[in-house]
Amino acid sequence: MRTLMVAAVGCVALASPAAAQLSAPAAIVEEVKGEVPGIEFMDYVLPGKVIKLGANGAIVLNYLQSCIRETITGGVVVVGTEQSKVSLADIQTAKVDCAASKAQLSESEASQSAATAFRSINQTGPAPKIASVYGVSPVFDVAGSGKLIIERSDVAGDRREVTVDKKTLIKGRFYDMAKAGTALMPGASYAATFGARKIAFRVDPAARPGDVPVVSRLLRF
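Okay, structure coming up:
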């Protein structure tokens, strides 16, 4: 009996990473054209999700880990972990600079990173590990209403506060600075706070305004 119990525990331990991967969002929907049942703009989709586009439907998927951006027209799509499988569909695939795949910091790491950046303005030493975005107007996944604070962590005095609610959020969870008509400084480092959650990030020096893929500027708390 003990042997069986140990074996069972071992199987669960081995299965857990795979199960976690399958239960986590694999991609985000950047665009939907036509009637696509069960899919909307800015939906997260899980591995194994079947999307039926029909003859006239089209979708743009951004994969969070692989940074693959797919434009798919017609047919049937099966969402994978890093890319899609399609049947009777036209698919165009591109690799893009990806914000969402970068390691996001925990609250303690973000606080330490921001504090280190403030202390290091006039000092030398290794830069704190932070995420990068490739558009000057990030999209923040805040998952609800509240106060979003965005503050420069490489220079003092640049701080902005935004109260986000149903009127300003996309699907009740995403705050898009591009939709709000605001932008951050290319090459600058920032710390963002939403309630008890914090994240540190850097705007890539070559970050662009305008039509930048969602996955290239998405920050998930």
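Read in order, the letters of the sequence shown correspond to residues -20 to -1, 1 to 201 in mature numbering (1 follows the signal peptide of the UniProt record, and there is no 0). Here a beta-carbon is modelled for each residue, glycine too, at the ideal position from N, C-alpha and C.
So, is I150 buried or exposed, given that buried needs 16 or more other C-beta atoms within 10 angstroms? exposed
Where does D121 land, buried or exposed, given buried means 16+ other C-beta within 10 angstroms? Residue environment analysis places D121 among the buried positions, since at least 16 neighbouring C-beta atoms fall within 10 angstroms of its C-beta.
Going by CA-CA distance only, name the one from V58, N36, G54 and G190 that's closest to A6. V58
What are the start and end residues of each continuous alpha helix (DSSP H) run of 4 or more residues lying completely inside the stretch 7 to 57, in chain order? none
Sequence-distant residues of its chain with Cβ nearer than 6 Å to A69 (five each side left out): Residues I52, G54 and G55 of the same chain have their beta carbon placed closer than 6 Å to that of A69, with the five preceding and five following residues left out of the count.
Quick one: give me the first and last residue of the alpha helix (DSSP H) that K65 is part of. Premise fails: K65 lies in the beta strand (DSSP E), K65 to S67, not in any alpha helix (DSSP H).
Excluding the 5 residues flanking L26 on each side, which residues of the same chain have their C-beta closer than 8 Å to its C-beta? L2, S3, A4, P5, A6 and V59
I need the boundaries of the alpha helix (DSSP H) containing A160, first residue and last residue. M157 to A160
How is the beta strand (DSSP E) around R182 delimited, first residue to last? R177 to R188
Which listed residue (V66, T61 and S46) has its alpha carbon closest to that of A74: S46
Assigned secondary structure, R133 (DSSP; H/G/I helix, E/B strand, else coil): In the sequence as displayed, the identity of residue 133 is Ser instead of Arg. Residue state, collapsed to three classes: coil.
Helix, strand or coil, according to DSSP, for S112 in the structure here? strand
S169: first and last residue of the uninterrupted beta strand (DSSP E) it sits in: S169 -> beta strand (DSSP E) spans S169 to F174.
Could you name the residues of the same chain whose beta carbon sits closer than 6 Å to that of D184, not counting the 5 residues immediately before and after it, in chain order? S112 and Y114
For the pair the stretch 175 to 183 and the stretch 139 to 158, tell me if three or more CB-CB distances fall below 8 Å. no
Option nearest F21 by Cα separation, candidates R200, S169 and R153: R153
Identify whether V195 lies in helix, strand or coil by the three-state DSSP scheme. helix
Would you mind sorting V116 into buried or exposed? The rule is 16 or more other CB atoms within 10 Å of its CB. Residue environment: V116 is assigned as buried (16 or more neighbouring CB atoms within 10 Å of its CB, all protein chains considered).
Would you tell me roughly how many angstroms separate the C-alpha atoms of L44 and S125, rounded to the nearest one? 24 Å
Excluding five sequence neighbours on each side, which residues of the same chain lie with their C-beta closer than 7 Å to the C-beta of I48? E62, Q63, T73 and K75
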